[in-house]
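See below for the structure under consideration.
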Amino acid sequence: MSAHPLIMGHPTSSPEHARHALLYMWRIRKFEEAVEDLFGRGMMHGTMHLSIGQEASPTGMCMALTLQDQITSTHRGHGHCIAKGADLTRMIAELLGKEIGYCGGRGGSMHIADVETGNLGANGVVGGGIPIAAGAALASKMTKKGTVAVSFFGDGAMNEGAFHEAANLAAIWKLPLILFCENNKYGMSSSTEKAFAIDNLAERGKGYGIPAVNVDGNDVIDVYEQAEIAVKRAQAGEGPTLIIAETYRWKGHSRSDKNLYRTKEEIEEWRELDPIPKFTAKVIKSKLLSKEECGAIAQEATDAIIAAVNESVKAKPADPAGLLEAVFKKVSV
Amino acid sequence: MSDRMLTMAEAIREAMSIAFDERPEVFLLGEDVGIYGGAFGVSGDMYHRYGAERVLDTPIAELGIVGAAVGAALSGMRPIVEIQFSDFTAQAMDQIANQAAKIHFMLGGALHVPMVLRTPQGSGTGAAAQHSQNLEPWFASVPGLKVVVPSNPADAKGLLLSSIDDPNPVIFLEHKLLYKIPGREPVPEGSERIPLGVSKVVREGKDLTIVATGIMVNKAWEVCEKLSTEGISITLIDPRTISPLDMQPVYESVDKTGRLLVVQEGPAQAGFINEVIAQMAGSASFGSLIAPIMRLAGMNIPIPYAPQLEKAAVPQIEDIEIAAREIVKNWR
Ligand SMILES: Cc1ncc(C[n+]2csc(CCOP(=O)(O)OP(=O)(O)O)c2C)c(N)n1
Ligand SMILES: [Mg+2]
């Protein structure tokens with residue numbers, strides 16, 4: 013299951029674009045469901061942070077990016093990785109601790125990176141990727157590469173010093189950076205109401221001189237349109253943009269979450285706002301795709317995940333023998 | 308003596324509750340310590356018993372949280388800070404190492420920082436390199452910090468109570484894998500303290516002395532049990548506080564056994580256990596050794612994710628067993 017060719021552009025600009033947006037949202041959904049299943053069956057260890065319900069945000073953002081544009085991601089990073097074009101087999105293989113996994117079994121779910129698609133890595137540290145993305149944007153600016161960097165992070169990360177320091181650097185240096193916050197309303201058990209004294213997280217942009225917008229994070233079209241504007245600003249040398257994508261995580265924070273801090277009703281309400289049927293209905297209505305085509309796209313995603321799981325299960329487990337040599341990159345002479 | 312077999316999470320919660328009841332100035336702050344009950348369930352129901360005024364849920368902001376604890380501690384409160392994983396003390400290191408640790412000394416004794424920072428550490432959960440470190444030497448190398456590493460529920464309770472009493476900053480390192488398992492010994496009721504800076508002789512033998520910290524004490528215990536059936540008897544010493552470090556029982560034991568094996572989870576390079584070796588090398592008991600000192604420690608690598616890799620990265624029971632057998636057999 014090699015990476016799909018990335019398609020850039022507005023999700024409703026052609027049937028191919030609509031197909032891509034829908035396929036990638038399904039790929040993320042089905043991937044996360046497979047992870048939950050592997051976990052449940054005791055085939056995967058460690059922990060998992062699922063992004064079910066949030067698929068439109070990374071999909072819409074990444075449709076505005078080239079393969080060379082860079083991203084940094086989070087502990088809840090499978091969606092970003094897939095949307096940027098990563099190989100599903102190498103992802104699943106990593107979760108299963110296999111040699112062919114993206115990190116050779118050394119990193120697991122929270123550390124998948126894919127240099128070929130510009131993914132500088134998920135991160136176990138909340139906020140850890142934000143200054144790194146600023147640094148990638150700085151390198152792009154210094155070398156006149158013309159690429160942009162996007163940092164995906166959660167609402168919770170906006171209270172870490174890392175966010176504030178990176179935002180200021182990006183603003184004063186006018187870096188080609190997009191600060192993409194997936195506001196899923198909670199950082200573990202802390203609601204945004206409790207963790208912020210402002211109602212709209214976009215207000216944070218002002219203090220740094222960074223334009224900020226709110227988007228419907230469950231609407232791949234809305235996400236794309238604002239992402240495109242932000243990318244253009246970055247490319248024009250006008251500096252960073254803060255995007256606040258309003259969304260929701262359906263599942264618990266991780267496997268140990270008992271959901272004591274939110275109500276079943278709230279979860280149900282957000283499940284109604286599922287980004288996938290929303291977009292599906294739109295493209296069928298506008299005759300970009302037929303109902304049958306949409307069904308086939310969902311099936312294609314499912315098949316791709318099943319194939320990735322089957323191939324990964326058969327792959328060779330990572331071998332402890334090379335661990336010591338893996339710490340440093342060899343100094344070339 | 309009661310026969311209450313608590314887990315380490317329960318014992319720590321009990322110690323915090325006793326301190327909450329004894330002193331109104333004690334409070335707990337940290338990420339998800341409230342309704343969630345703590346990422347590892349340590350604060351549990353304390354939010355419901357003591358309320359949001361004393362069990363403070365914080366935003367994700369480690370530097371701010373620890374700094375606020377330092378400031379409150381300077382101003383008459385006795386904060387207990389929970390950092391969700393010890394790895395994220397990195398975010399707060401300025402407040403820990405530059406502020407809390409130095410204030411009393413640097414300010415000529417004008418102020419002091421009665422703060423406890425509790426945090427889970429260690430590998431074995433498949434959470435990979437940024438959630439699994441053993442950071443004992445980070446803290447043990449900073450003058451001005453006391454560092455406690457409990458290996459069982461009963462010690463955790465008594466040591467935590469002493470840590471909260473202490474007028475200085477104390478880093479309290481709890482191993483995640485120990486949270487959910489009961490100790491070998493019951494946890495006494497009441498509020499008895501275990502003093503900081505006193506090593507514990509866990510069991511006594513005549514052939515070998517093992518010094519181990521945290522979870523390695525439990526692994527070494529298994530080895531002591533097994534080898535005792537083969538006629539090898541081992542003294543096991545748990546320093547419990549790695550700063551200040553009490554070496555006296557180690558000297559006394561080595562004088563009898565002549566052999567020393569030291570075990571830690573963290574990487575060998577510049578590890579805490581090297582301090583035990585250094586102090587032994589400079590002591591009068593060095594002459595009692597009939598075997599070279601043997602060191603077992605983690606590999607000099609970040610903790611990997613896959614279970615088979617993670618296992619290889621830190622000493623396992625079998626590794627300790629092989630080392631113990633070797634040193635006793637080869638040096639007579
Ligand atoms: C520096 C740091 N502090 C705490 C944690 C533990 N932790 C992991 S994810 C998380 C919540 C993050 O919330 P948010 O940024 O909103 O992302 P979400 O989980 O909602 O996607 C916390 C507290 C961490 N990994 N890193
Ligand atoms: Mg969140």
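Protein chains in written order, with the numbering used here: chain A, 13 to 345; chain B, 308 to 639.
Glycine is no exception: its CB is placed at the ideal position from the N, C-alpha and C atoms.
- Query: How would you label B/Q555, buried or exposed, when you count the other beta carbons within 10 angstroms and need 16 or more for buried?
  - Reply: exposed
- Task: Would you tell me roughly how many angstroms separate the C-alpha atoms of B/P331 and B/A359, rounded to the nearest one?
- Result: 14 Å
- Every unbroken beta strand (DSSP E) within the stretch 526–586 of chain B, with a cutoff of 3 residues, ordered by chain: 541–545, 548–550, 567–574
- Task: Give the single residue among B/P489, B/V569, B/L543, B/V349 whose Cα lies nearest to the Cα of B/P599.
- Result: B/V569
- Using the beta-carbon of each residue, which ones in chain A are nearer than 9 Å to B/F395? V137, V138
- Query: Is the CB-CB distance between B/V420 and B/L381 below 8 Å?
  - Reply: yes
- Query: Cβ atoms of B/I342 and B/A447: under 8 Å apart, would you say?
  - Reply: no
- List in chain order: all unbroken alpha helix (DSSP H) runs of 4+ residues lying wholly within the stretch 90–151 of chain A. 90–95, 100–107
- Message: Can you tell me whether B/I610 sits near ligand 1, meaning its C-beta is under 7 Å from at least one heavy atom of the ligand?
- Response: no
- Given a threshold of 16 other Cβ atoms within 10 Å of its Cβ, counted over all protein chains shown, does B/L442 qualify as buried or as exposed? buried
- Just to check, is the beta-carbon of B/I367 closer than 7 Å to a non-hydrogen atom of ligand 1? yes
- Nearest CA to the CA of B/P450: which residue from B/P427, B/A407, B/M315? B/A407
- Message: Here's a check: name, in chain order, each residue in its chain whose Cβ is nearer than 7 Å to the Cβ of A/R41, leaving out the five neighbours to either side.
- Response: I64, E67, I288
- Message: Any heavy atom of ligand 2 inside 7 Å of the beta-carbon of A/Y273?
- Response: no
- Is B/E499 close to chain A, meaning its C-beta is less than 8 Å from at least one C-beta of that chain? no
- Taking only runs of the alpha helix (DSSP H) that begin and end inside the stretch 320–346 of chain B, which ones reach a length of at least 4 residues, in chain order? none
- Which residues DSSP lists as bridging A/L254, in chain order: A/L191, A/A224
- Task: Have a look at B/I627, B/A620, B/M323, B/P614 and flag the residue whose alpha-carbon is nearest the alpha-carbon of B/K272.
- Result: Chain B is shown only over 308 to 639; residue 272 of chain B falls outside these bounds and no answer can be derived.
- With a 10 Å radius around its C-beta and 16 neighbouring C-beta atoms as the bar for buried, classify B/T536 as buried or exposed. exposed
- Close Cβ partners of A/G136 (< 8 Å) along its chain, the five nearest in sequence each way excluded: H87, M122, H123
- So, is B/N525 buried or exposed, given that buried needs 16 or more other C-beta atoms within 10 angstroms? buried
- Might you give, ordered along the chain, the residues of its own chain that have their beta carbon closer than 6 Å to the beta carbon of B/S436, omitting 5 neighbours on each side? Note that residue 436 of chain B is Ala in the sequence shown, not Ser. Closer than 6 Å at Cβ, skipping near neighbours: P609, I610.
- Give the residues from the stretch 584–616 of chain B that approach chain A closer than 8 Å (Cβ to any Cβ), ordered along the chain. M606, N607, I608, P609, P611, Y612, A613, P614, Q615, L616
- Item | Terminal residues of the alpha helix (DSSP H) in which A/R39 lies | 27–52
- Message: Counting only Cβ-Cβ distances shorter than 9 Å, please list the residues of the stretch 110–131 of chain A near chain B, keeping chain order.
- Response: K110, G113, C115, G116, G117, R118, G119, G120, S121, M122, H123
- Message: Suppose you measure from the CA of B/I403 to the CA of B/D472; what does that come to, to the nearest Å?
- Response: 18 Å
- Contact test: A/G199 Cβ vs ligand 2 heavy atom, cutoff 7 Å: yes
- Query: Hey, quick one: how far does the beta strand (DSSP E) through B/R425 stretch, first residue to last?
  - Reply: 423–428
- Message: Relative to the C-alpha of A/V339, which candidate in A/C115, A/V225, A/N171 has its C-alpha closest?
- Response: A/C115
- Task: Give a yes or no on whether the minimum CB-CB distance between B/D514 and chain A is below 8 Å.
- Result: no
- Under the rule that 16 or more other beta-carbon atoms within 10 Å means buried, what is B/F412, buried or exposed? exposed
- Is B/E338 near ligand 1, going by C-beta to nearest heavy atom under 7 Å? yes
- Query: Between A/A179, A/F192, A/L272, which lies nearest to A/S163 when the distance is taken from Cα to Cα?
  - Reply: A/F192
- Residue-chain proximity (A/Y198, chain B), Cβ-Cβ < 8 Å: no
- Between the stretch 321–349 of chain B and chain A, which residues of the former have a C-beta closer than 9 Å to a C-beta of the latter? E338, D339, G341, I342, Y343, G344, A346, F347, G348
- Would you list the residues sitting across from B/R510 in a DSSP beta bridge? B/L543
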